[in-house]
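In our numbering, the protein residues as written are 441 to 1209.
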């Protein structure tokens, strides 16, 4: 298009023409497409055998739109039909009007609905219409308009009426049906007729035994008033009713049947009820068996969960002592290298057993559906890079090469389940190292934007190795529990659960894991999970755990109460606490813990949860009800491995939760967190303190009786610190220094030093048993 203009000079004379041009091709194209769409719509509305309409949802249901083909089907001009608000209502067949108008408000409660009725043609005759409608609703769900279509089914109805008049059809329906069919008088509720299948189903001799009886007599239990009310309501609203009942045959056999009743309108306004009974005994029995199996499976799963929880406790309890005492003994610098090496073997074997137990527990949680995602904002780059340091020593020991390839497009901060991602990568890298004797291990990480949502990505990880590979026949089974496909030629440690758990975790995170491998050519495990972009988070600076050897100078005298019904665990934890200079008492029951807390006022309580009688939960709750000063820090320390145990411990009043077997550094870190204890670490200079323990001499004990000294010697010989502390209480008050020295020796588990005091330069040396 052009819009010319004439420029004028100061003398008002034209001195040229100029104008603008605009490309309207797109607009013209849209107009042509719109016109084509309108033509197609007009053709569909006029050529369709269905009348398209809309109407108001109440009142006379006045039509607000109707397609022009109403002229061809019902003989009315569309505009004339719309002009009269009562056109549709007034043209309903008198026999159908009440039923149709009464049903519409009820049908509006559904998403969509249909009905059949007769409507008067312009020539005065009536046509049967099938009408399908749908309610358009506002934001509150209230109907604001009805839209739908109507099809002329007059020919079909005429055919149906003619067929109903045919006795041959009735006989065919009755005698060829696999269901029991009854015709029942709606007034008397007595059977009028039945088919041959009814005779067979109810095991009678002939039809006459079933005619003229009340159908309810065939039921094992009579209809309840509620069922009768529901039957009448449903038939009035929808025209049929269905339910399942138990029936009794003439011979006394009980079976389940699906009962359905529908009123049939006959000529001259007669109505008869058609009742159908279908034998559903097999299906019902299957449902019962399925429910029983489901109940049994749930019970078995619950029993398995209880068993695993108990086994976890029973296995972790001795492991706690094994791993704990190896840590205690490893602190003893007097042990030679051979003994230290033996301790390391014991400790590593115990940790391996602990990992096996954890894998089995993880699998049981996955099978029970009790594993949930715990997504947080994570520094994904740091998480992945930390794996290099984790596996560095193993890779170096096997003279392998490790390659970490992180694509530059991987965002540093992502929202994901870091714990599960880390465990999957540890499993895959651990397997790669385990089955690779030479060559290299490669971890590749990439991230691509997702088309599903903004700030969404797919994080892809691939672990490649140059190991022994996996035969093609085993690729389908390696993700099954307890399978180690690559261990055919040699035995490798592990449960065979790592890949099973990894695949379950990846699927839980929304991805899947694949494998490519050939024998002798290595393997490649890949997975991709959806992640979301996260904002940078403030990260705590990780500090290596240093070895605690004692308390720093000028620390308060902290009192620590150890509660555990297992002697080995109680003895271990008390020794760990006493070795660094803490004042320790211990209790073996919940009642003892409550009593010690009230009388001794500990600063911190290590509370075992599972104890006979009063458990740790109850003991904690009772301690929290006391008015204690200081208010003790209570940390649950238990071998039970369920998250629900942790939540229950915290809700009962515990400040924190530590699982057995424990690492001593974790215990020290918890105490530093809650009590602000300062430690002296290995390698730091020791500040010598004057102690009355070093001043204690054998002659100091001569003030006590020979019997007392003998009992003390026997208690030290048996490492019975409780008996020693009991005997120390008998020391007279004027010998307070000696009493304090012996108490400290007992709490520090220095039993040999006590024996030496009693056997050196003593006039009466106790004899060992």
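All C-beta atoms in this analysis are idealised placements derived from N, C-alpha and C, irrespective of residue type, glycine included.
In this text, all values refer to a predicted model and were calculated from it rather than measured experimentally.
The C-alpha of residue 1056 lies about 56 Å from the C-alpha of residue 663. Restricted to the region 1020–1044, the beta strand (DSSP E) segments that are unbroken, complete and at least 3 residues in length are 1023–1027, listed in chain order.
In the DSSP annotation of this structure, the continuous segment of the alpha helix (DSSP H) that includes residue 825 starts and ends at 820–830.
Secondary structure of residue 735 (DSSP, three-state): helix. Counting along the chain, residue 953 sits inside the beta strand (DSSP E) bounded by residues 952–957. Between residue 988 and residue 1108, the C-beta gap is smaller than 8 Å, which places the two residues in contact. Taking 8 Å as the upper bound for CB-CB distance, residue 909 and residue 957 are in contact here, some 5 Å apart.
Its Cα nearest to that of residue 904, the residue 876 stands out among 730, 714, 911, 876. By the Cβ test, the region 819–836 is not in contact with the region 779–795, since fewer than three Cβ pairs between them sit closer than 8 Å.
For residue 669, the three-state secondary structure derived from DSSP is helix.
Within the same chain, Cβ atoms closer than 6 Å to the Cβ of residue 1165 are found at 1186, the five residues on either side in sequence being excluded.
Secondary-structure assignment with DSSP links residue 1096 through a beta bridge to 1075. Within its own chain, the residues whose Cβ lies closer than 7 Å to the Cβ of residue 1021, once the five positions on either side in sequence are excluded, are 990, 991, listed in chain order.
For the pair residue 541 and residue 615, the Cα-to-Cα distance works out to about 38 Å. Residue 518 and residue 525 have their C-alpha atoms some 12 Å from each other. Nearest neighbour of residue 631 by Cα position, chosen from 701, 660, 742, 682, turns out to be 701.
Contact check for residue 692 against residue 719 fails: the beta carbons are separated by 8 Å or more. One Cα belongs to residue 567, the other to residue 502, and the distance between them is close to 20 Å. With fewer than 16 other CB atoms across the displayed protein chains lying within 10 angstroms of its CB, residue 1052 is exposed.
Take residue 862, set aside five residues on each side of it, and the residues of its chain with a beta-carbon closer than 7 Å to its own are 823, in chain order. The closest CA to that of residue 1121, considering only 1149, 728, 993, is found on 993. Going by DSSP, residue 715 is part of the beta strand (DSSP E) stretching over 711–719. Annotated three-state conformation of residue 565 is coil, per DSSP.
Looking at 882, 806, 855, the one whose alpha-carbon comes closest to that of residue 841 is 882. Residue 601 and residue 704 have their C-alpha atoms some 11 Å from each other.
The residue from 1008, 1117, 641 with its alpha-carbon nearest to that of residue 996 is 1117. Setting aside the 5 residues that flank it on each side, residue 1168 is surrounded in the same chain by 1179, 1182, 1183, each with a C-beta closer than 6 Å to its C-beta; the list follows chain order. In summary, residue 974 is buried, with 16 or more beta-carbon neighbours lying within 10 Å of its beta-carbon over all protein chains present. Residue 1150 and residue 941 have their alpha carbons spaced roughly 58 Å apart. Around residue 715, the same chain offers 622, 624, 701 as residues with beta carbons nearer than 6 Å, after the five sequence neighbours per side are excluded. For residue 1199, the enclosing alpha helix (DSSP H) has its first and last residue at 1191–1199. Here DSSP, grouped into helix, strand and coil, assigns residue 632 to strand. Per the Cβ contact rule, the region 1002–1011 is not in contact with the region 962–971 (fewer than 3 Cβ pairs under 8 Å).
With a cutoff of 8 Å on beta-carbon distance, residue 828 and residue 873 are scored as not near each other. Residue 768 sits close to residue 1015, with the two beta carbons spaced by under 8 Å. Here residue 1156 really is in contact with residue 1194; their C-beta atoms are around 4 Å apart, less than 8 Å.
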